[in-house]
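Chains as they are written, first to last, in this note's numbering: chain A, 53 to 418; chain B, 53 to 418.
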């Protein structure tokens, strides 16, 4: 049995949980190394308090499960079969009395819980496994941090290639294409999210998408990107200058940079998540841009680019060594311009280390 | 009010539903044109039986919602706020008595339903909106079919570019990189799923991923790919020959092709979904490969590459004009080789039309 599954079994003993059902594909990967997005098909890892776990998956995934070295049982079902009946018969065959079942309440949908209740009518699906799993994932191991560092190096590579691809008259999408092709040529086929490149006023929509807008002179251009490396994500943002942006744009940039640097500098074990947010937010507010910083300072990072916890007001969590999260203040003035500067970091003994090292001094691209 | 929302309101009247909550981002796009993946944040479309609908979203999406031309209310929340409280106060302000609420049971997670129940304790979340929404999406409009055709043309373009990129000694990933770069250069930035290229025995894992395996002589190489066009997906597979594959490989190919052509030829209004599956499966079984065809014949296609319904045994649904789905038999012999041939089609008056037109005769690449 691997250590992580044993840890869950200890939690189950302490909490009188007989069975834990893991249905989030990323959590299954975290616990077993096996990753697949089953889309509408059913994929579950089933952990018993005192029996061998098993993976239940579509028949066409059984080979892949075995290939990652999963040395417990794996059961497949065919498309025309009812997965829930087969699943329930495997559960019943273990003869676990009084089944108290823990589920991932943020991953399991209502219809699936209804199906489970129908085939396992005497079980209680009363326990939420999420707080325990979030705690497990929160503090990264040395190996995990190594993977996050490599993912970060590829993000740095991508910035460099992206900045080289910027040309007046090229579209945001064309720059993204060159950047992503550079990564793919190096074998980096998976991004943690679609590369976001936004020029000028378009960057004022922090959740917009890369468009066919052309890059013009004297603009700021925002890059937000991330890669995957062996199941771990990077996520970083830089904003660069084309030509000679107006003073107001430079001011926005400098304020955002000051906020980012101050918050990153303040990271250390024992500081509260909300304190970091306040440090950045106060600097931006004092400069008169408070109303334009419309999101939290950051989010956790690990096997995906958005993880627990949020670095924001009201989160009083004390940061600990080897927690990983983003620090990404932004200033977005609708119809005018947007700036965001972001590094993800891991907490060290006395401070933090960033996963990305691309310069945060404003870079001018001719 | 747009037609689709009015249609839902009529369904609500007939089924005594006061409020419908739409939480699947693709369904929100289908109904409003606005698309965003909010990840862990909350995004909902709220439809009232006799009042104006509203969109509830993260503050940083409000601008994008307005940009798509949504001319009803939109309410944002900031990251540090409790979204559910704000959401509930908007619902309460409408003063709808006896709230029977319909939800998307395949999209809403347990924790979100618990949050909703907490802030709206007198509401009943008893109705599943999914069967109604699936029915709505099932028959495509002429405009939707036009978009699916364009998405299909880009899939054909991608095959052509991918086949040109195949070279002995190149890896699967390198071919995928060239293919995807060709698409991006044409402005096609979004795929409906990551391009799958598998050579030789690797293709026997129908849900494996593109790897760094090298393409060798006398192999079959499987391509499965899809693009997005204005919110609509394509999905198609072809298997090509490198050099002179052994007779056994050619036999697998020919059997799979015969099955694919026969099933596609049989599509017409009034035939049952399961009959198409049987036509293809019988051909493959008769040739001795029955145990190696381990998935359903096909799946629905529309705003995503896997939609309702499944074309498989036990699905007695009668096919109707303008339904869209894949026909993709496959033969996978573990450790040896895999073949899949797939077109997505739409049902016409008397038969069907494919969205992709790349030749299905075995193509030899030197």
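Quick reminder that beta carbons are idealized off the backbone N, C-alpha and C, glycines included.
| Query | Result |
| --- | --- |
| Per-residue DSSP class, three states only, for residue 244 of chain A | coil |
| Euclidean distance between Cα positions of residue 370 of chain A and residue 326 of chain A | 9 angstroms |
| Residues sharing a beta bridge with residue 275 of chain A, DSSP | A/249, A/290 |
| Rounded distance between the beta-carbons of residue 129 of chain B and residue 105 of chain B, thought under 8 angstroms | At roughly 18 angstroms, the Cβ-Cβ gap does not stay under 8 angstroms, so residue 105 of chain B and residue 129 of chain B are not in contact. |
| Interface residues of chain A facing residue 386 of chain B [CB-CB closer than 7 angstroms] | 115 |
| Inter-residue spacing [alpha-carbon to alpha-carbon] between residue 167 of chain B and residue 342 of chain B | 48 angstroms |
| Cβ-based burial, residue 149 of chain B [other Cβ within 10 Å; buried from 16] | exposed |
| Nearest residue (CA-CA) to residue 102 of chain B, options B/205, B/271, B/62 | B/62 |
| Assumed close pair residue 376 of chain A, residue 353 of chain A - CB separation to whole angstroms, cut-off 8 angstroms | 5 angstroms |
| Contact residues within the stretch 142 to 172 of chain A, judged by C-beta distance below 9 angstroms to chain B | 155, 156, 157, 158, 159, 160, 161, 162, 163, 164, 165, 166 |
| Test: residue 191 of chain A CB closer than 8 angstroms to a CB of chain B | no |
| Beta-carbon proximity of residue 238 of chain A to residue 132 of chain B, cut-off 8 angstroms | no |
| Contacts that residue 92 of chain A makes with chain B (C-beta to C-beta distance below 9 angstroms) | 158, 351, 358, 359, 360, 362 |
| Cβ-based contacts, 8 angstroms cut-off: residues of the stretch 236 to 249 of chain B near chain A | 236, 237, 239, 241, 242, 246 |
| Continuous alpha helix (DSSP H) assignments of at least 4 residues falling wholly in the stretch 313 to 358 of chain A | 325 to 338 |
| Short Cβ contact (8 angstroms threshold) for residue 230 of chain B with residue 280 of chain B | no |
| Among A/59, A/68, A/92, the one whose alpha carbon lies nearest that of residue 75 of chain A | A/92 |
| The stretch 306 to 340 of chain B: positions lying closer than 7 angstroms to chain A by Cβ | none |
| Same chain, Cβ closer than 7 angstroms to residue 247 of chain A, neighbours up to 5 away in sequence not counted | 228, 231, 232, 262, 277 |
| Element boundaries [beta strand (DSSP E), containing residue 72 of chain B] | 71 to 74 |
| Euclidean distance between Cα positions of residue 339 of chain B and residue 135 of chain A | 28 angstroms |
| Residue 99 of chain A versus residue 160 of chain A: straight-line alpha-carbon distance, rounded | 16 angstroms |
| Sub-8 angstroms separation of residue 107 of chain B and residue 72 of chain B beta-carbons | no |
| Where residue 258 of chain A meets chain B, residues with beta-carbon distance less than 8 angstroms | 112 |
| Chain A residues whose Cβ lies nearer than 8 angstroms to that of residue 225 of chain B | 236, 239, 241 |
| Residue from B/270, B/234, B/97 with nearest C-alpha to residue 251 of chain B | B/270 |
| 6 angstroms CB neighbourhood of residue 360 of chain A in its chain, flanking five on each side removed | 186, 352 |
| Own chain residues within Cβ distance below 8 angstroms of residue 318 of chain A, not counting five before or after | 327, 328, 331 |
| Whole-angstrom distance between residue 272 of chain A and residue 94 of chain A, CA atom to CA atom | 45 angstroms |
| Near-chain B residues of the stretch 129 to 140 of chain A - C-beta to any C-beta below 8 angstroms | 130, 131, 132 |
| Residue 108 of chain B, enclosing beta strand (DSSP E) - first and last residue | 106 to 110 |
| Beta-carbon proximity check, residue 379 of chain B vs residue 394 of chain B, cutoff 8 angstroms | yes |
| 8 angstroms Cβ cutoff, residue 107 of chain A in contact with chain B | no |
| Run of the beta strand (DSSP E) containing residue 14 of chain A, from where it starts to where it stops | With chain A covering 53 to 418 only, the question about residue 14 of chain A has no answer from this structure. |
| Assumed close pair residue 220 of chain B, residue 257 of chain B - CB separation to whole angstroms, cut-off 8 angstroms | Between residue 257 of chain B and residue 220 of chain B the Cβ distance is about 22 angstroms, and since that is not below 8 angstroms, they are no contact. |
| According to DSSP, residues forming a beta bridge with residue 180 of chain A | A/155 |
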